[in-house]
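According to the working numbering, the sequence shown holds residues 60 to 755 in order.
Backbone N, C-alpha and C define an ideal beta-carbon position, used for all residues, glycine too.
Quick caveat, the model's predicted, so the values are computed rather than measured.
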Amino acid sequence: MTDKVRYELTDGVAVITIDNPPVNALGHAVRVGLSDAIARFEADDDAKAALILGAGKLFLGGADISEFGKPTKDPWLPEIIGRMESSPKPVVCAIQGAALGGGLEVALGCHYRLAIKGAKLGLPEVNLGIIPGAGGTQRMPRVTGVKAALEVIPAGGTMSAERAVEIGLADRLAEGDPREAGLTYAKELIETGAAPRPVGKLACPQHDAQAFEEARALWSKKNRGEVSRLASIDAVEAATRLEIESGLAEERRIFNEMMETPQRAGLIHAFFIERKTAKLPEIEGVAPREVSKIGVIGGGTMGAGIATAALTRGLDVTLVERDDASAEKAAATIAKNLDGAVKRGKLSAGQRDAILNDAFRTATDYDALSGTDLAIEAVFEDMEVKKQVFAELDRVMKPGAVLATNTSYLDVNEIARSTSRPSDVIGLHFFGPAHVMKLLEVVVADDTANDVTATAFALAKTMGKTAVRAGVCDGFIGNRILSAYRAAADRMVLAGASPYQVDRAVKAFGWPMGPYEMGDLAGLDIGYATRQRKAATRDPRDIGPTWADELYHLGRLGQKTGRGYYIYKEGQRGGQEDPEVEGLVAKTRDEQGITPRDFSDEEIQRRYMAAMVNEAARVVEEGIAQRPLDVDVTFLYGYGFPRWRGGPMHWADTVGLTELLADIERYAEEDAFFWQPAPLLWRLASDNKKFASLNG
Ligand code: 3H9
Numbered sequence: 060m061t062d063k064v065r066y067e068l069t070d071g072v073a074v075i076t077i078d079n080p081p082v083n084a085l086g087h088a089v090r091v092g093l094s095d096a097i098a099r100f101e102a103d104d105d106a107k108a109a110l111i112l113g114a115g116k117l118f119l120g121g122a123d124i125s126e127f128g129k130p131t132k133d134p135w136l137p138e139i140i141g142r143m144e145s146s147p148k149p150v151v152c153a154i155q156g157a158a159l160g161g162g163l164e165v166a167l168g169c170h171y172r173l174a175i176k177g178a179k180l181g182l183p184e185v186n187l188g189i190i191p192g193a194g195g196t197q198r199m200p201r202v203t204g205v206k207a208a209l210e211v212i213p214a215g216g217t218m219s220a221e222r223a224v225e226i227g228l229a230d231r232l233a234e235g236d237p238r239e240a241g242l243t244y245a246k247e248l249i250e251t252g253a254a255p256r257p258v259g260k261l262a263c264p265q266h267d268a269q270a271f272e273e274a275r276a277l278w279s280k281k282n283r284g285e286v287s288r289l290a291s292i293d294a295v296e297a298a299t300r301l302e303i304e305s306g307l308a309e310e311r312r313i314f315n316e317m318m319e320t321p322q323r324a325g326l327i328h329a330f331f332i333e334r335k336t337a338k339l340p341e342i343e344g345v346a347p348r349e350v351s352k353i354g355v356i357g358g359g360t361m362g363a364g365i366a367t368a369a370l371t372r373g374l375d376v377t378l379v380e381r382d383d384a385s386a387e388k389a390a391a392t393i394a395k396n397l398d399g400a401v402k403r404g405k406l407s408a409g410q411r412d413a414i415l416n417d418a419f420r421t422a423t424d425y426d427a428l429s430g431t432d433l434a435i436e437a438v439f440e441d442m443e444v445k446k447q448v449f450a451e452l453d454r455v456m457k458p459g460a461v462l463a464t465n466t467s468y469l470d471v472n473e474i475a476r477s478t479s480r481p482s483d484v485i486g487l488h489f490f491g492p493a494h495v496m497k498l499l500e501v502v503v504a505d506d507t508a509n510d511v512t513a514t515a516f517a518l519a520k521t522m523g524k525t526a527v528r529a530g531v532c533d534g535f536i537g538n539r540i541l542s543a544y545r546a547a548a549d550r551m552v553l554a555g556a557s558p559y560q561v562d563r564a565v566k567a568f569g570w571p572m573g574p575y576e577m578g579d580l581a582g583l584d585i586g587y588a589t590r591q592r593k594a595a596t597r598d599p600r601d602i603g604p605t606w607a608d609e610l611y612h613l614g615r616l617g618q619k620t621g622r623g624y625y626i627y628k629e630g631q632r633g634g635q636e637d638p639e640v641e642g643l644v645a646k647t648r649d650e651q652g653i654t655p656r657d658f659s660d661e662e663i664q665r666r667y668m669a670a671m672v673n674e675a676a677r678v679v680e681e682g683i684a685q686r687p688l689d690v691d692v693t694f695l696y697g698y699g700f701p702r703w704r705g706g707p708m709h710w711a712d713t714v715g716l717t718e719l720l721a722d723i724e725r726y727a728e729e730d731a732f733f734w735q736p737a738p739l740l741w742r743l744a745s746d747n748k749k750f751a752s753l754n755g
């Protein structure tokens with residue numbers, strides 16, 4: 060036995076405890092230990108039943124993901140579970156905290172399952188691009204029926220202990236210490252002479268054959284392009300027609316197939332990198348400042364969203380607006396957002412009322428912020444307006460309070476230095492709607508104190524956001540890179556592609572929206588304002604989309620005016636393509652003497668992605684993003700980049716940097732100004748290295 064698995068005999072019960080912090084992952088040493096412990100239990104005549112436990116706060120977090128993609132080492136988890144299941148003496152488990160993936164599969168190999176209140180049970184493998192590979196797809200439908208299995212397995216979701224008991228996944232619910240509750244259960248089984256109850260021996264219950272087609276239709280639409288969710292449905296279907304041994308073999312075949320997909324690599328990359336963005340040398344061991352009361356300045360969509368996100372996570376919020384009418388409007392937006400949370404089951408009506416009565420207030424006077432620990436400004440994007448706000452904050456905020464700006468592109472250094480306390484100033488760039496979107500760019504200015512940065516990361520955690528550190532530049536990480544790929548799209552349109560073809564091609568790649576649909580959502584006034592802002596410093600070779608400026612002048616501002624790049628009609632989902640827009644594009648081409656050419660969807664995708672990766676390489680090289688992984692997380696959480704592609708930098712590594720550079724050099728032959736290879740991309744490609752080599 061290894062030191063990761065303990066065996067002890069208590070009152071005729073062999074207590075087998077898996078102790079592999081932090082999540083009791085079922086890595087090789089654990090498998091060896093568990094396998095030995097099962098053998099010892101079988102040989103131990105004094106042991107009448109076995110109790111499987113996980114040490115610490117959770118039962119078992121599943122297979123050790125870091126072993127994926129490496130050669131498998133015996134013993135295999137499916138074999139251990141098979142052996143446990145065929146034990147002639149009852150095997151029980153007590154689940155606290157979480158039983159996930161292989162962890163739940165171990166539980167399904169037990170004859171009796173006890174769930175402790177508060178535990179989450181689930182088979183999240185599809186989120187990693189694989190399917191359950193240790194019997195989950197075969198055993199779960201045998202105990203819960205096909206319907207419940209199809210609700211859980213392709214979704215990769217979790218359920219509560221109560222729900223697990225309701226659907227038959229667990230046999231009993233208990234409270235308190237899993238060891239105590241488990242021992243009581245095991246002793247009761249010994250006393251009543253309960254026999255082993257192998258799940259694999261059960262027949263799969265009757266089911267509606269239609270259910271499989273419905274599940275396939277649902278997941279093809281919901282997670283377009285992802286293969287493992289559909290493959291998991293095939294595996295569950297196998298359970299309905301095959302005996303357990305053949306079903307397990309079929310599951311393994313599909314599991315192995317999924318292991319080989321680039322999607323598995325992309326999703327596992329995403330799993331590990333999202334846990335790394337907060338690991339920064341500058342905040343390691345640095346205590347964050349205490350934050351329980353925050354101020355929000357500006358109650359527009361963004362400010363109200365930030366306030367909502369903070370309130371739902373237990374923070375006290377004072378929102379400052381310029382007059383009573385605006386304050387009332389902001390309060391109404393927040394109340395509506397909270398109602399939405401109640402409707403979605405995220406809050407109870409009582410919690411909403413308590414939040415509104417006790418934790419939230421509006422004010423029209425900055426002095427109301429004097430007791431707050433941190434203030435986030437979310438007013439109009441204008442440097443002078445921001446400076447006025449910060450002068451007020453500087454006047455009223457207590458010493459040591461954090462002063463944050465939600466600007467999406469303005470110079471945070473300039474804002475910071477307009478105050479008497481630049482080291483307390485930081486950028487907190489939320490993405491709209493701020494109570495929904497997970498990304499938070501933490502913009503660290505030159506003078507920002509490390510404990511202010513640490514405070515921003517701690518606040519993000521409290522608010523349920525994924526924080527990425529960004530440096531100061533126009534657009535920080537995300538919007539700066541977005542400008543580059545949007546410019547590539549505009550260039551393709553001018554050269555002959557239609558904006559609608561660009562959107563379609565980009566969506567076929569896996570993005571939820573194309574750049575022009577996104578433009579309509581954000582408002583054409585935003586893009587126009589950005590172009591105007593940059594006009595004074597623009598290089599004459601940097602041709603802008605004058606046809607988009609014309610749309611703006613026509614008052615076609617996007618969804619909010621019913622017309623933008625597309626036409627929007629009441630009661631219709633999405634926009635309609637508009638020949639008038641294509642006419643404007645054609646007119647611009649004529650004016651510029653451009654003969655349009657055809658683009659394949661593949662070329663559109665390659666150019667779009669090449670522009671993105673090229674600019675991202677600059678962003679990394681300049682230290683705006685600390686590592687390529689920070690770019691990947693920014694795009695996964697802030698821009699809807701298809702998670703199964705791992706992020707733009709992981710995608711680039713998968714395609715190969717040499718190939719990507721060759722594309723860029725070819726594009727440069729026709730437009731040398733726009734397609735200048737980023738030095739970092741060039742260096743990595745020359746050294747035959749990947750972006751991942753810079754992730755640390
Ligand atoms: C599977 O089981 C396949 C089988 O069907 C078939 C087998 C044949 N492995 O999230 P946290 C690390 S697939 C390795 O911050 P929390 C994580 O990277 C697996 N490492 O903690 C982090 O490391 P670091 C199915 C893992 O308390 C540290 O542990 N299971 C694993 O917020 C703490 O993690 C899953 O998909 C793992 N399985 O949340 C569950 N899990 O400190 C995946 C975590 O160096 N895990 N780590 O950054 C989770 O969902 C959460 O970690 C959990 C705890 C809810 C368990």
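Item, Value
"Mapping the DSSP letters down to three states, classify D398 as helix, strand or coil.", "helix"
"With DSSP as the reference, identify every bridge partner of Q635, one or two as the case may be.", "I626"
"Indicate, with yes or no, if the ligand 3H9 has a heavy atom lying under 6 Å from the CB of L740.", "no"
"So, using beta-carbon positions, are R198 and V258 closer together than 7 Å?", "yes"
"Please state if the CB of M577 and the CB of F658 are separated by a distance shorter than 7 Å.", "no"
"Please give the ranges of any alpha helix (DSSP H) in the segment 350-434, keeping only runs that are unbroken, at least 4 residues long and fully inside the region.", "360-371, 383-402 and 408-413"
"Between the alpha carbons of I585 and A543, how many angstroms are there, rounded?", "15 Å"
"Does the beta-carbon of P130 have 16 or more other beta-carbons within 10 angstroms, so that it is buried, or is it exposed?", "exposed"
"Taking only heavy atoms of the ligand 3H9 into account, decide whether any of them is closer than 6 Å to the Cβ of G192.", "yes"
"Going by Cα to Cα distance, which pick from R238, R686, V561 and V295 is closest to A337?", "R686"
"For A98, does the count of other Cβ atoms within 10 angstroms reach 16, so buried, or fall short, so exposed?", "exposed"
"Of the choices I353, W570, Q447 and E225, whose alpha-carbon is the least far from that of T421?", "I353"
"Would you kindly report the start and end of the unbroken beta strand (DSSP E) that includes A174?", "Y171 to I175"
"Does the beta carbon of V82 fall short of 6 Å from some heavy atom of the ligand 3H9?", "yes"
"With hydrogens ignored, establish whether the beta-carbon of G120 is closer than 6 Å to any heavy atom of the ligand 3H9.", "yes"
"Using 8 Å as the Cβ pair cut-off and three pairs as the minimum, do the segment 704-713 and the segment 323-334 touch?", "yes"
"Measuring straight from C-alpha to C-alpha, what distance separates E641 and T525?", "39 Å"
"Looking only at its own chain, which residues have a Cβ that is under 6 Å from the Cβ of V150, when we skip the five neighbours before and after it?", "A109, M143, C169 and H170"
"Cβ atoms of A290 and I190: under 7 Å apart, would you say?", "yes"
"Following the continuous beta strand (DSSP E) through V217, name the residue where it begins and the one where it ends.", "The sequence given here places Thr at residue 217; Val does not occur at that position. Counting along the chain, the beta strand (DSSP E) containing T217 begins and ends at T217 to S219."
"Identify every residue that forms a DSSP beta bridge with G113.", "I77"
"With 16 as the cutoff for other CB atoms within 10 Å, does M361 come out buried or exposed?", "buried"
"For the ligand 3H9, is there any heavy atom lying closer than 6 Å to the beta carbon of S291?", "no"
"In angstroms, rounded to a whole number, what distance separates the CA positions of T647 and T589?", "20 Å"
"Taking 6 Å as the cut-off, does the CB of A157 come closer than this to any heavy atom belonging to the ligand 3H9?", "yes"
"With distances taken Cα to Cα, identify the nearest neighbour of G344 among D601, M671 and D510.", "D510"
"With a threshold of 6 Å (Cβ to nearest heavy atom), would G177 be considered close to the ligand 3H9?", "no"
"Pull up the CB-CB distance for A298 and R201, whole angstroms please, since I reckon it's below 8 Å.", "7 Å"
"Got a sec, what are the start and stop residues for the alpha helix (DSSP H) I303 sits in?", "I303 to M318"
"Looking at L339 and the ligand 3H9, is the gap between the Cβ and the nearest heavy atom below 6 Å?", "no"
"Under 6 Å: does the beta carbon of I212 sit that close to some heavy atom of the ligand 3H9?", "no"
"Taking only runs that begin and end inside the segment 426-487, name each unbroken alpha helix (DSSP H) of 4 or more residues, in chain order.", "442-455 and 471-476"
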